[in-house]
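Just below is one structure, and these are the notes that go with it.
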Amino acid sequence: MSNSLDELVSSEATDLAIDVQGATKRFGGRTVVNSLEMQVKRGEIYGFLGPNGSGKTTFLRVLCGLLRPDGGSGHCLGYDILTQSTEIKRHVGYMTQRFSFYEDLSIEENLNFIARIYEVRERQAAVEQSLERLGLTDRRRQLAGVLSGGWKQRLALAACLIHKPQLLLLDEPTAGVDPKARRDFWEEIYHLAAEGLTVLITTHYMDEAERCHRLAYIAYGNLLTRGTVDEVVRRAGLTTWELTGPDLAGVAKEIRPLPGVEQVVAFGNTLHVSGRDSARLESSVMRWQSREHRCALIESSLEDVFISLMDQSLDNFK
Amino acid sequence: MSGHRFNIHRFAAIVVKEFIQMRRDRLTFGMMVGIPMIQLILFGFAINSNPTKLPTAILCADQSVFSRTLTTAVKNCDYFLFTHEARNEAEARSLLQRGEVQFVLCIPEDFSRKLLRGERPSTLLEADATDPAATGGAVAAMTELVRHSLDRDLQGPLRHLIARPAPVDLRVHRHYNPEIITQYNIVPGLIGVVLTMTMVIITALAITRERERGTMENLLSTPARPAEVMLGKLVPYILVGYIQVALVLCAARFIFHVPLTGSLFLLTCVMLVFIAANLAVGITFSTVAHNQLQAMQMSFFFFLPSILLSGFMFPFRGMPLWAQCIGEVLPLTHFLRIVRGILLKGTGLAEILPELWPLVLFLVVVMGVGIKRYRQTLD
């Protein structure tokens, strides 16, 4: 992919929190992460996207030293990912996809435990502060097991931050969390990034992807695209038309096999039709313009781009 | 169809689902078949509460036809198996104390002289009675033997010696447990059983639970090293184990009045090896089990032969050779001998060494397997 970007990035290598080349991980005969490359600048919120089972979690585990890569090399916070996993663990906060704190310990006990494991200095003060910061002070004696999803997520974040990490790895942190809690969560992430923390976050939500400074998209272990949201959308070269009118379900069925049409997605009372060959797509879509339907050219959304990328990679997979 | 009544289709759907899940969980399924099989084999073939072929030493100071006849008769008796010829009393005593023989038959030097004079010479059967069940049948058989074995030799002019009471006076010394109190055997043994149960089951569960709930992943992503995690998880249970032992020992002393003859310090030290061996089993199980149910089942799988084949419930020497071979592998078997030896016989380090090294070997092998498997589960 864009070589000029890579060169630019490697010239300021000291600014990189994550700098990994050719990371590969196999389980049995299956390659789960295939020669992945990733550069993340310090203080950046980096989105890591891809369909389920595409190797995102495995890559995070390789990064924080839980798994040994089968190939590749790189640095995380300046430490070698192959040999210095202990140092990396010390400075990384990893929030697992599933709530992985002790349900039979209270919030405070959980935080205390993690603080001890990380040998946090002035532990009591650090725990107090983190309770305060995440608004958990009133609930400190509640058992973690009885908390609702949103509060569990807050606790997990508090625990990941207690040792003041330089890099935060968040694996689908907002799955199953209500919109208000999600917004608060992102607010917190922005604060942290502003303080210089680097955040690598995996998500399936497009609105969250758009909030990231930069993002990478992987499918079946392969990196498909990366860059800022605009770059990713632009590079995909996708044209999207919006159709409105009656019987959109029928229209969708008719329009799908037409030349140039790669993707037809219903969005409420509209239909998004996308394809990379804009000329052929236009002639196909325009058949409906004359009738009671209206067609308008719109900007491709990130979701359109990702679904298109996924379809392509599926084709490659076959 | 009404939704309120018991519906056979919905019921069938749940039954089918359960069977599918049962089939998926291979380990559980294997255990469900395996545990009854093991019970059948152990109870059906291995366990014999009336053991025969008990190792016996002979200390014979009298070289005569009569003593040879008596010895031969004992040799031909199924209950006894001659393994040693003791030269003196000290050697005989030591064989008994180390548990190498169950009985020592002593024939005094004036045996034939007294017999011929009709003075009813005494023969002494010294028995290791720590396990009363193991000796009962054999002692009864010996009484019969002594009464009738000499009948053939006492013909002609000696015929009058076959009189009542028997021509020979058999005395039985039941060492270590003269009053044949079953609790003397069971209560010290309980220490081993309780430790096996706690150490294997709780360790296997504690580690599997950590994995099942996903907290292990979290723990491993912290700077905590695997050794710190493992030891940190195990030490509390070791302490619990010692508390259990203290409880059993107190009960043994004050409720059951079991004599605590040997060194408690030695016992405490040996116990550590035994506890470690069981923890190693627990850790190894936890690396195999995917969930707590499986861990529980595997522990039970280990626990069952431990109780039945170790000599805890049934006399070890009553089992067929194959069962004894399995029993010799189990740590509980050796620990039982050690704990009974120390508490009842007052044995010291030198005497328990033959039982100690199999424990250590077991520990090293299982720990090796466990650590190897533990490493694999990380990746």
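Quick mapping for you: the protein sequence lines, in order, are chains C and P.
Straight run, no breaks: the first sequence in the working numbering ends on number 318.
Straight run, no breaks: the second sequence in the working numbering ends on number 1379.
The beta-carbon is built from N, C-alpha and C at its ideal position, and this holds for glycine as well.
Predicted model, so just to flag it, every value in this text is computed and none were measured.
When the Cα atoms are used, what is the spatial distance from residue i to residue j?
i	j	result
C:V127	C:L155	11 Å
P:T1198	C:L36	47 Å
C:L16	C:R42	5 Å
C:W288	C:C295	7 Å
C:A175	C:A181	11 Å
C:T31	C:G71	11 Å
C:F267	C:T24	38 Å
C:L111	P:L1219	13 Å
P:V947	C:L147	No answer is possible for residue 947 of chain P: it lies beyond the span of chain P, which begins at 1001 and ends at 1379.
P:A1138	P:Q1155	28 Å
C:L243	C:H272	7 Å
C:H163	P:E1228	19 Å
P:P994	P:T1130	Since the first and last residues shown for chain P are 1001 and 1379, residue 994 of chain P lies out of range.
P:E1328	P:I1307	13 Å
C:Y190	C:V92	17 Å
P:T1083	P:P1055	6 Å
P:E1179	P:S1049	19 Å
P:A1206	P:K1233	8 Å
P:A1277	P:V1360	8 Å
P:A1224	C:I117	6 Å
C:V9	C:M38	Because C:V9 carries a pLDDT of 46, less than 50, the predicted location of this residue cannot be relied on, and no value is offered for it.
P:F1103	P:S1149	19 Å
C:Q153	C:V261	41 Å
P:V1074	P:G1368	46 Å
C:F27	C:C64	18 Å
P:L1040	P:A1046	9 Å
Helix, strand or coil for residue i, going by three-state DSSP, please let me know.
i	result
C:T203	coil
P:T1284	helix
P:E1085	strand
C:L5	At C:L5 the pLDDT is 49, less than 50, meaning the model places this residue with poor confidence; the figure from the coordinates comes in the next sentence. Three-state DSSP puts C:L5 in a helix.
C:V112	Looking at the sequence itself, residue 112 of chain C is Asn, so the reference to Val does not match. Reduced to three states, the DSSP call for C:N112 is helix.
C:L143	strand
P:P1055	strand
C:Q289	coil
C:F27	strand
C:Y46	strand
C:S11	Residue placement at C:S11 is poorly supported in this model, since its pLDDT is 42, which falls under 50; the coordinates still yield a value, given next. Helix, per DSSP.
C:T160	As written in the sequence, residue 160 of chain C is Cys, which differs from the Thr given in the question. Helix, per DSSP.
P:S1221	coil
P:F1080	strand
C:D230	helix
C:N222	strand
P:Y1184	helix
C:R214	strand
P:Y1242	helix
Taking the alpha carbon of residue i as the point to measure from, which residue in the options has its own alpha carbon closest?
i	options	result
C:Q263	C:T83, C:G245, C:S284, C:N269	C:S284
P:T1143	P:T1123, P:H1009, P:P1188, P:K1345	P:T1123
P:S1112	P:S1067, P:F1019, P:I1275	P:S1067
P:D1078	P:P1305, P:E1100, P:A1140	P:A1140
C:C160	C:T225, C:L302, C:V120, C:V177	C:V120
P:L1145	P:A1133, P:T1135, P:V1168	P:V1168
C:A219	C:Q312, C:A125, C:I298	C:Q312
C:T225	C:F48, C:G29, C:A144, C:Y79	C:F48
P:R1087	P:E1109, P:N1177, P:R1253	P:E1109
P:Q1297	P:K1114, P:E1355, P:N1185, P:D1025	P:D1025
If the cut is a Cβ gap below 8 Å, which residues of chain P does residue i touch?
i	result
C:F48	What C:F48 touches in chain P: nothing, since even the nearest Cβ is about 17 Å away.
C:K89	S1221, T1222, P1223
C:S73	Under the 8 Å cutoff, chain P gives no residues; its nearest Cβ is about 18 Å from C:S73.
According to DSSP, which residues form a beta bridge with residue i?
i	result
P:A1127	P:F1103, P:R1174
C:V40	C:I18
C:L167	C:V92, C:T198
C:E242	C:H272, C:A296
P:T1290	The question names Thr, yet the displayed sequence has His at residue 1290 of chain P. P:H1290 pairs with nothing; no bridge assigned.
P:C1060	P:I1107
Strictly below 8 Å CB to CB, what residues from chain C border residue i?
i	result
P:A1224	I117
P:N1218	Y94, T96, S100, F101
P:T1215	S100, F101, Y102
Could you tell me which chain P residues have their CB closer than 7 Å to the CB of residue i, listed as they occur along the chain?
i	result
C:T86	P1223
C:S284	Within 7 Å Cβ-Cβ: nothing; C:S284 doesn't reach chain P, min ~47 Å.
C:Y190	Ordered by position in chain P, no residue passes the 7 Å Cβ test against C:Y190, which lies about 24 Å from the chain.
Can you name the residues of chain C whose CB is closer than 9 Å to the CB of residue i?
i	result
P:T1208	In chain order: nothing, as chain C lies at least about 15 Å away.
If the cut is a Cβ gap below 7 Å, which residues of chain C does residue i touch?
i	result
P:T1028	Going along chain C, no residue has its Cβ under 7 Å from P:T1028, so there is no contact; the nearest lies around 23 Å.
Can you name the residues of chain P whose CB is closer than 9 Å to the CB of residue i?
i	result
C:C64	S1221
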